[in-house]
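Novice:
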Amino acid sequence: MSQNVLVVASIQQDRVKRSTFEALARARSVARETDGVIEACVVHPDAASFAPELHRHGASVVHVISSDAVEPHVNAPVVAALERIIAETGPRIVVFPSTEAVKDVLGALAVRTGAAVLPDVSSFGVDGSEVVAERPVMAAKKIADTRTDADLVLVSVRSGSYEAEESPVDGSINEIDFSFDTSSLSQTLRDIVRPAGDTVDLSEARVVVAAGRGVRDEQGKRLVEELAGVFDAGIGASRAVVESGLFPASAQIGQTGKVVSPDLYFAVGISGAIQHVAGMSNSRVIVAINKDGDAPIFDIATYGLVGDLYDILPPLIEGLRNAV
Numbered sequence: 094m095s096q097n098v099l100v101v102a103s104i105q106q107d108r109v110k111r112s113t114f115e116a117l118a119r120a121r122s123v124a125r126e127t128d129g130v131i132e133a134c135v136v137h138p139d140a141a142s143f144a145p146e147l148h149r150h151g152a153s154v155v156h157v158i159s160s161d162a163v164e165p166h167v168n169a170p171v172v173a174a175l176e177r178i179i180a181e182t183g184p185r186i187v188v189f190p191s192t193e194a195v196k197d198v199l200g201a202l203a204v205r206t207g208a209a210v211l212p213d214v215s216s217f218g219v220d221g222s223e224v225v226a227e228r229p230v231m232a233a234k235k236i237a238d239t240r241t242d243a244d245l246v247l248v249s250v251r252s253g254s255y256e257a258e259e260s261p262v263d264g265s266i267n268e269i270d271f272s273f274d275t276s277s278l279s280q281t282l283r284d285i286v287r288p289a290g291d292t293v294d295l296s297e298a299r300v301v302v303a304a305g306r307g308v309r310d311e312q313g314k315r316l317v318e319e320l321a322g323v324f325d326a327g328i329g330a331s332r333a334v335v336e337s338g339l340f341p342a343s344a345q346i347g348q349t350g351k352v353v354s355p356d357l358y359f360a361v362g363i364s365g366a367i368q369h370v371a372g373m374s375n376s377r378v379i380v381a382i383n384k385d386g387d388a389p390i391f392d393i394a395t396y397g398l399v400g401d402l403y404d405i406l407p408p409l410i411e412g413l414r415n416a417v
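Adding 93 to a residue's 1-based position in the sequence shown gives its number in the numbering used here.
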């Protein structure tokens, strides 16, 4: 049974997020295994401009809806546009990068299309007539094996679950007509406020430096920022240190924060509570720095440094600067 796969591109600050290319890489494998077709779609005021990148990552056709009505963070027109694309293209599987924006639209889109939803999965594929997926649950201590034989399945995939690999094709663009009465909206986007300074998107960062309760003051914060600067890394934090006021809520990683899957994760002064581990356990290499050698973080760490972070970080930063 062929499985046509449609990947919905995630656009942030006028660029395609890497997680879209990761989703395309997996979609290519699924389509190849089932003699299906892989396509992509973009819902954005300047949608067609992103097609070349999607062709470069294997999308044979890029369906675009270019409308000023489909602004980020205003869900109703985005849901309506995606419903229109799905109706025209008829995929079996629709794949989304798992982002906050996607979480907002998945439920409404499922209701309007009658689709089954497999959200926030770490892997997915096809087994006979069923779409199957694995999803971390219970603070990532267990993996749920979920499956459905629905005619239409919406899947959102965690960032970092697959490698983003190019597979260029000579693709085409299909422009789809779309209109939406914005006067019917109950919400209006007034402004998008960006974080101050040069910040790295945690969900896209290949290296993340995360601070825990052991980072107790501005000196510790500066050390974390210096370490992050060596790698142009994203800066994260545990809930405890966010609540202390040292780091903003946007930096929080964990069960009640963001989920990250970088190639390299520095856990600085983080004990390893399951609530935090739920947000970073899929990191490829974990370096833990903690003065408590029995801290749970060392159970999942690739490398561990036992000692006071205020003593360890200065020479570590200097050595890395000389090596990088």
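Beta carbons are placed, not taken as given, at the ideal position from N, Cα and C, and that holds for glycine.
At a cut of 8 Å, does the segment 291-302 reach the segment 151-160 through at least three beta carbon pairs?
Specialist: no
Novice: Identify, in the order they occur along the chain, each residue of the same chain with its Cβ nearer than 6 Å to the Cβ of Phe189, setting aside the five sequence neighbours on each side.
Specialist: Val101, Val195 and Ser249
Novice: Roughly how many angstroms lie between the CA atoms of Ser215 and Ala237, to the nearest whole one?
Specialist: 10 Å
Novice: Leaving out the 5 sequence neighbours to the left and right, which residues in its chain are closer than 6 Å to Gly386 when beta-carbon positions are compared?
Specialist: Val399
Novice: With a floor of 3 residues, list each beta strand (DSSP E) that falls wholly inside the segment 217-253, ordered by position along the chain.
Specialist: 223-230, 235-241 and 246-250
Novice: By alpha-carbon positions, which one of Val353, Pro170 and Asp242 ends up nearest to Val370?
Specialist: Val353
Novice: Thinking C-beta only, is Val130 closer than 8 Å to Ile186?
Specialist: no
Novice: Below 8 Å between beta carbons: does that hold for Val301 and Tyr358?
Specialist: yes
Novice: Do Ala140 and Val157 have their beta-carbon atoms positioned less than 8 Å apart in this structure?
Specialist: Yes; because the gap between Cβ atoms is below 8 Å, this pair is in contact.
Novice: Which parts of the segment 252-306 are runs of the beta strand (DSSP E), unbroken and 3 residues or longer, counting only runs that do not cross its ends?
Specialist: 265-268 and 300-304
Novice: Going by DSSP in three states, Asn168 sits in which element: helix, strand or coil?
Specialist: helix
Novice: Quick check on the burial criterion: 16 or more other C-beta atoms within 10 angstroms. Buried or exposed for Thr113?
Specialist: Looking at its Cβ environment, which holds 16 or more other Cβ atoms inside 10 Å, Thr113 is buried.
Novice: Taking the C-alpha atoms as reference points, what is the distance between Gln280 and Ser343?
Specialist: Gln280 and Ser343 have their C-alpha atoms some 23 Å from each other.
Novice: Leaving out five residues on either side along the sequence, give the residues of the same chain with a beta carbon under 8 Å from the beta carbon of Asp440.
Specialist: With the chain running from 94 to 417 in the structure shown, residue 440 is simply not present.
Novice: Would you kindly work out how many angstroms separate the C-alpha atoms of Leu211 and Thr241, rounded to a whole number?
Specialist: 9 Å
Novice: How many angstroms separate the CA atom of Arg125 from the CA atom of Ser260?
Specialist: Taking the straight line joining both Cα atoms gives about 13 Å.
Novice: Alpha carbons only, please: which of Gly305, Pro170, Ser272 and Ser252 is nearest the one belonging to Arg119?
Specialist: For Arg119, the nearest C-alpha among the options comes from Ser252.
Novice: Give me the residue from Ser374, Leu295 and Lys235 with the minimum Cα distance to Glu193.
Specialist: Leu295
Novice: In terms of residue numbering, what span does the alpha helix (DSSP H) encompassing Val198 cover?
Specialist: Start and end: Glu193 to Thr206.
Novice: Whose CA, out of Ala243, Ala201, Leu202 and Val230, lies closest to the CA of Asp220?
Specialist: Ala243
Novice: Using 10 angstroms around the beta-carbon of Met373, count the other beta-carbons present and answer buried if the total reaches 16, otherwise exposed.
Specialist: buried
Novice: Name, in chain order, the residues that DSSP records as bridge partners for Ile104.
Specialist: For Ile104, which the question treats as bridged, DSSP gives the partners Val109.
Novice: Name the residue from Ser191, Leu339, Ala333 and Pro145 whose alpha carbon lies nearest to the alpha carbon of Ile266.
Specialist: Comparing alpha-carbon positions, the option among Ser191, Leu339, Ala333 and Pro145 lying closest to Ile266 turns out to be Pro145.
Novice: Tell me the DSSP bridge mates of Val154?
Specialist: Glu132 and Ser265
Novice: Which of the three DSSP states is assigned to Val317 in this structure?
Specialist: helix
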